[in-house]
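Just so you know, the protein sequences line up as chains A and B, in that order. Residue numbers for the first sequence follow the UniProt record's numbering, beginning at 1 and rising by one. Residue numbers for the second sequence follow the UniProt record's numbering, beginning at 1 and rising by one. To start, the structure itself, in structure tokens.
There are 2 protein chains.
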Amino acid sequence: MILRIAEIFGPTIQGEGALIGQPTVFIRTGGCDYRCSWCDSLHAVDSRYRHDWAVMDAQQIMAEVARLSGDQPLMVSISGGNPAIQDFSGVIALGRAQGYRFACETQGSVARDWFADLALLVLSPKPPSSGQETDWSAFDACLAAAKDAPRIMKIVIFDDHDLAWAREASTRYPDLALYLQPGNPETDPDLPVDPQSLADRMLWLVDATVGAGWLTPRILPQLHVLIWGNRRGV
Amino acid sequence: MILRIAEIFGPTIQGEGALIGQPTVFIRTGGCDYRCSWCDSLHAVDSRYRHDWAVMDAQQIMAEVARLSGDQPLMVSISGGNPAIQDFSGVIALGRAQGYRFACETQGSVARDWFADLALLVLSPKPPSSGQETDWSAFDACLAAAKDAPRIMKIVIFDDHDLAWAREASTRYPDLALYLQPGNPETDPDLPVDPQSLADRMLWLVDATVGAGWLTPRILPQLHVLIWGNRRGV
Ligand code: SF4
Ligand code: SF4
Chain A
1 MILRIAEIFG
11 PTIQGEGALI
21 GQPTVFIRTG
31 GCDYRCSWCD
41 SLHAVDSRYR
51 HDWAVMDAQQ
61 IMAEVARLSG
71 DQPLMVSISG
81 GNPAIQDFSG
91 VIALGRAQGY
101 RFACETQGSV
111 ARDWFADLAL
121 LVLSPKPPSS
131 GQETDWSAFD
141 ACLAAAKDAP
151 RIMKIVIFDD
161 HDLAWAREAS
171 TRYPDLALYL
181 QPGNPETDPD
191 LPVDPQSLAD
201 RMLWLVDATV
211 GAGWLTPRIL
221 PQLHVLIWGN
231 RRGV
Chain B
1 MILRIAEIFG
11 PTIQGEGALI
21 GQPTVFIRTG
31 GCDYRCSWCD
41 SLHAVDSRYR
51 HDWAVMDAQQ
61 IMAEVARLSG
71 DQPLMVSISG
81 GNPAIQDFSG
91 VIALGRAQGY
101 RFACETQGSV
111 ARDWFADLAL
121 LVLSPKPPSS
131 GQETDWSAFD
141 ACLAAAKDAP
151 RIMKIVIFDD
161 HDLAWAREAS
171 TRYPDLALYL
181 QPGNPETDPD
191 LPVDPQSLAD
201 RMLWLVDATV
211 GAGWLTPRIL
221 PQLHVLIWGN
231 RRGV
């Protein structure tokens, strides 16, 4: 089974969501069925960058993960792009046999049996500002495929419209732990990110949720953006 | 049972540790058996501020929590000072009956039966830079008192010496999930905090841990300091 891989990097800390702060190696897969207006991973999405993607099999991928981690089993995050458009069952089976655990982040448009083998499935449906439409029946199929695997929902919020949409999504899935993350409009890898503007966006989102009496979602920033800006591979 | 309370505030997000990002009401208790050199909560420690502390019983405390949360049950964090020098069993019993859940953060110098009723016990032993000594037998008694309650260890790191000490502590408790947090030398509530310096301290700590091949602890900043600086009550 041959897989298209945009980059494998780490270990570094997970910058967002339920595993925030956790040492992680990242497998960023190549290719996506979405085209979000604010995508911060176009190098892993746009087929313009296709010639930069590696073609690797499960053995090669896990060999690189083991090299990076010095053979210490840790959390491996499969992100993208949309990892679910490819078959990662072989990577996960091989890695788990070596003690690694896997998280996968996907928008929830394609369900895969291997979701059930994850230590965490992060479903991140895209709000209106992305310009994409969520197919909730596909999303439901993802939840069903995960079986007993831990799962959360993470939604990026750029504005009030996104926030109202997230609230509706949370009503639809009251038992799914929800994480909200302020959107990052500064995605140029060659430009620095102002930590103060990141802090300001967190303040806005905390005020708009907790401050407005919505007390269930957890609100987290992108730590990697705070620490490294939009630099890749950190 | 009368309790000394420095402040009750929120809901706001939990800024640090395992519950980072979670909407929380904070009960900051008055009084501490430690005097850490870099304590950021002297107003809840030093008896100089004693006349600012309220004297409240469990009913009064939970009435204030319910008022702040608009009667929505949420996570309540009991911090200090050292909450364990007082008896919070009554507050916790009353709050749990109303659907609230409780986390408590303490250095681990005093064990309490009510640790077993917590949704999370955060034990934060103080590294050498604090100028305090950890009594590990008291710490062990805290762990034992917590019984089956979830617990983590959180250590604030100012320098390499603290880091070596944390590593030794993690060897002593290999099964206790460890969170590391860069120390904040800027604790004056009247001075602004530079978000860039907070980002720099995170970068240093990630490099010194993950970058050096230590892949087990989770590394998290103090989000509330990023967002609000050292302002109180947020
Ligand atoms: S789903 Fe993710 S990777 Fe795909 S276009 Fe949207 S933001 Fe980019
Ligand atoms: S244990 Fe905590 S509250 Fe007490 S002096 Fe140290 S830092 Fe301050």
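The C-beta atom is built at its ideal place from N, Cα and C for all residues, glycine as well. Computed from a predicted structure; not experimentally measured.
Discussion item. Taking its Cβ as the centre, do 16 or more other Cβ atoms sit within 10 Å of residue 59 (chain B), making it buried, or is it exposed?
Written reply: Taking the first residue of the second sequence as 1, we reach residue 59 (chain B) at position 59. Exposure of residue 59 (chain B) is indicated by the presence of fewer than 16 other C-beta atoms within 10 angstroms of its C-beta.
Worksheet item: What are the boundary residues of the alpha helix (DSSP H) that includes residue 48 (chain A)?
Response: Mapped onto the first sequence, residue 48 (chain A) falls at position 48. That residue, residue 48 (chain A), is in no alpha helix (DSSP H); it is neither H nor E in DSSP.
Worksheet item: With a cut-off of 7 Å, does the C-beta of residue 121 (chain B) fall near any C-beta of chain A?
Response: For the purposes of this step, residue 121 (chain B) is identified with residue 121 of the second sequence, where counting begins at 1. No, its Cβ sits nowhere closer than 7 Å to a Cβ of chain A.
Worksheet item: When the distance is taken between beta carbons, is residue 76 (chain A) closer than 7 Å to residue 13 (chain B)?
Response: The residue given as residue 13 (chain B) occupies position 13 in the second sequence. The residue given as residue 76 (chain A) occupies position 76 in the first sequence. No. Outside cutoff.
Worksheet item: For the region 64-75 of chain B, which residues have a CB atom closer than 8 Å to at least one CB atom of chain A, in sequence order?
Response: 69, 70, 72 and 74
Worksheet entry | Delimiting residues of the beta strand (DSSP E) encompassing residue 77 (chain A) | For this step, residue 77 (chain A) is matched to residue 77 along the first sequence. Note, residue 77 (chain A): beta strand (DSSP E), 75-79.
Discussion item. Quick test of the definition: if touching needs 3 or more C-beta pairs under 8 Å, does the region 137-152 of chain A touch the region 111-124 of chain A?
Written reply: Yes: at least three Cβ pairs fall under 8 Å.
Worksheet item: Nearest CA to the CA of residue 186 (chain B): which residue from B:168, B:119 and B:226?
Response: Translated into the one-based positions of the second sequence, residue 186 (chain B) becomes position 186. For the residues B:168, B:119 and B:226, the minimum Cα distance to residue 186 (chain B) belongs to B:226.
Discussion item. Less than 6 Å between C-beta atoms, sequence neighbours within five positions excluded: which residues of the same chain meet that for residue 8 (chain B)?
Written reply: What you label residue 8 (chain B) is simply residue 8 of the second sequence in a count that begins at 1. Cβ neighbours of residue 8 (chain B) beyond the five flanking positions: 27 and 64.
Item to complete: Could you check if residue 25 (chain B) is buried or exposed, using at least 16 other CB atoms within 10 Å of its CB as the buried criterion?
Response: As a first step, residue 25 (chain B) must be located in the second sequence, where it is residue number 25. Answer is buried; the Cβ neighbour count reaches 16.
Worksheet item: According to DSSP, is residue 62 (chain A) helix, strand or coil?
Response: On the first sequence, position 62 is the one that residue 62 (chain A) refers to. It is helical.
Fill in: Backbone CA spacing between residue 94 (chain B) and residue 211 (chain B) [nearest angstrom]
Working through the second sequence from its first residue, we reach residue 94 (chain B) at position 94. Working through the second sequence from its first residue, we reach residue 211 (chain B) at position 211. When rounded, the distance between both Cα atoms is 46 Å.
Worksheet item: Taking the alpha helix (DSSP H) that residue 103 (chain B) falls in, what are its first and last residues?
Response: Residue numbering aside, residue 103 (chain B) sits at position 103 when the second sequence is read from its first letter. Element bounds for residue 103 (chain B): not the alpha helix (DSSP H) but the beta strand (DSSP E), 101-106.
Discussion item. On the CB-based measure, 16 or more other CB atoms within 10 Å of its CB, does residue 106 (chain B) come out buried or exposed?
Written reply: Taking the second sequence and counting its residues from 1, one reaches residue 106 (chain B) at position 106. With 16 or more Cβ atoms within 10 Å of its Cβ, residue 106 (chain B) is classed as buried.
Worksheet entry | Classification of residue 125 (chain A) by the beta-carbon crowding that lies within 10 angstroms, buried from 16 upward | The residue labelled residue 125 (chain A) in the question sits at position 125 within the first sequence. Under this definition residue 125 (chain A) is a buried residue.
Worksheet item: Expressed to the nearest angstrom, what Euclidean distance is found between the alpha-carbon atoms of residue 44 (chain A) and residue 51 (chain A)?
Response: Locating residue 44 (chain A) in the first sequence gives position 44, counting from the first residue. Locating residue 51 (chain A) in the first sequence gives position 51, counting from the first residue. Approximately 11 Å between the Cα atoms of the pair.
Practice prompt. Compute the Euclidean distance between the alpha carbons of residue 120 (chain A) and residue 84 (chain A), then round it to the nearest angstrom.
Written response: Working through the first sequence from its first residue, we reach residue 120 (chain A) at position 120. Working through the first sequence from its first residue, we reach residue 84 (chain A) at position 84. Approximately 14 Å, taken between the alpha carbons.
Practice prompt. Taking only beta-carbon positions, decide if residue 25 (chain A) is within less than 7 Å of chain B.
Written response: For the purposes of this step, residue 25 (chain A) is identified with residue 25 of the first sequence, where counting begins at 1. The Cβ of residue 25 (chain A) sits no closer than 7 Å to any Cβ of chain B.
Worksheet item: What do you reckon, are the CB atoms on residue 161 (chain B) and residue 128 (chain B) nearer than 7 Å?
Response: Position 161 of the second sequence, counted from the first residue, corresponds to residue 161 (chain B). Position 128 of the second sequence, counted from the first residue, corresponds to residue 128 (chain B). The answer is yes: Cβ separation under 7 Å.
Worksheet item: residue 26 (chain A) bridges to which residues according to DSSP?
Response: As a working mapping, residue 26 (chain A) is identified with position 26 in the first sequence. Paired residue(s): A:9 and A:77.
Discussion item. For residue 49 (chain A) and residue 132 (chain A), which I take to be in contact (beta-carbon distance under 8 Å), what is that distance rounded to the nearest angstrom?
Written reply: As a working note, residue 49 (chain A) is residue 49 in the first sequence. As a working note, residue 132 (chain A) is residue 132 in the first sequence. Contact between residue 49 (chain A) and residue 132 (chain A) does not hold, since their C-beta atoms are separated by about 20 Å, which reaches or exceeds 8 Å.
Practice prompt. Give the DSSP-derived three-state secondary structure of residue 210 (chain B) in the structure shown.
Written response: As a first step, residue 210 (chain B) is located in the second sequence; it is residue number 210 there, counting from the start. Taken through DSSP and simplified to helix, strand or coil, residue 210 (chain B) comes out as helix.
Worksheet item: For residue 181 (chain B), which beta-bridge partners are listed by DSSP?
Response: Residue 181 (chain B) sits at position 181 when you count from the first residue of the second sequence. Note: residue 181 (chain B) sits in a beta bridge opposite B:156.
Worksheet item: What did DSSP end up calling residue 225 (chain A) once you bin it into helix, strand or coil?
Response: Within the first sequence, the letter at position 225 stands for residue 225 (chain A). The three-state reading of DSSP puts residue 225 (chain A) in helix, counting H, G and I together.
Discussion item. Is there a C-beta anywhere in chain D that falls below 7 Å from the one on residue 199 (chain B)?
Written reply: No chain D is part of this structure, whose protein chains are labelled A and B.
Discussion item. Is there a Cβ of chain A sitting closer than 7 Å to that of residue 11 (chain B), yes or no?
Written reply: The residue you call residue 11 (chain B) lines up with position 11 of the second sequence. Yes - at least one Cβ of chain A is within 7 Å of the one on residue 11 (chain B).
Item to complete: Report the residue from A:175, A:149 and A:179 whose alpha carbon sits nearest the alpha carbon of residue 157 (chain A).
Response: Along the first sequence, one-based indexing puts residue 157 (chain A) at 157. The option with the nearest alpha carbon to residue 157 (chain A) is A:179.
Worksheet item: Under the three-state reduction of DSSP, which class applies to residue 20 (chain A): helix, strand or coil?
Response: Reading the first sequence from its first residue, position 20 is the one you call residue 20 (chain A). Of the three classes helix, strand and coil, the one that applies to residue 20 (chain A) here is coil, per DSSP.
Worksheet item: When DSSP builds the beta bridges, which residues end up paired with residue 151 (chain A)?
Response: To locate residue 151 (chain A), count along the first sequence from 1; it is residue 151. Note: residue 151 (chain A) sits in a beta bridge opposite A:121.
Worksheet item: In terms of alpha-carbon separation, which member of A:165, A:11 and A:46 lies closest to residue 233 (chain A)?
Response: To locate residue 233 (chain A), count along the first sequence from 1; it is residue 233. For residue 233 (chain A), the nearest C-alpha among the options comes from A:11.
Worksheet item: Of the choices A:215, A:21 and A:79, whose alpha-carbon is the least far from that of residue 223 (chain B)?
Response: Your numbering for residue 223 (chain B) matches position 223 in the second sequence. Looking at the Cα atoms, A:21 is the closest of the given residues.
Practice prompt. Report the residue from A:55, A:152, A:74 and A:42 whose alpha carbon sits nearest the alpha carbon of residue 259 (chain A).
Written response: Since the displayed chain A opens at 1 and closes at 234, residue 259 (chain A) lies outside it and no answer follows.
Item to complete: My understanding is that residue 230 (chain A) touches residue 57 (chain A), with C-beta atoms under 8 Å, so please give their C-beta distance in whole angstroms.
Response: On the first sequence, position 230 is the one that residue 230 (chain A) refers to. On the first sequence, position 57 is the one that residue 57 (chain A) refers to. No, residue 230 (chain A) and residue 57 (chain A) are not in contact; Cβ-Cβ is about 30 Å, not under 8 Å.
Fill in: Per DSSP, the bridge partner or partners of residue 96 (chain B)
If you number the second sequence from 1, residue 96 (chain B) lands on position 96. DSSP, once it has assigned bridges, lists no residue as partnering residue 96 (chain B).
Fill in: Members of the region 132-163 of chain A that neighbour chain B once the beta carbon cut-off is set at 7 Å
none
Practice prompt. Give a yes or no on whether the C-beta atoms belonging to residue 72 (chain A) and residue 215 (chain B) are separated by under 7 Å.
Written response: As a first step, residue 72 (chain A) must be located in the first sequence, where it is residue number 72. As a first step, residue 215 (chain B) must be located in the second sequence, where it is residue number 215. Result yes, Cβ atoms of residue 72 (chain A) and residue 215 (chain B) sit closer than 7 Å.
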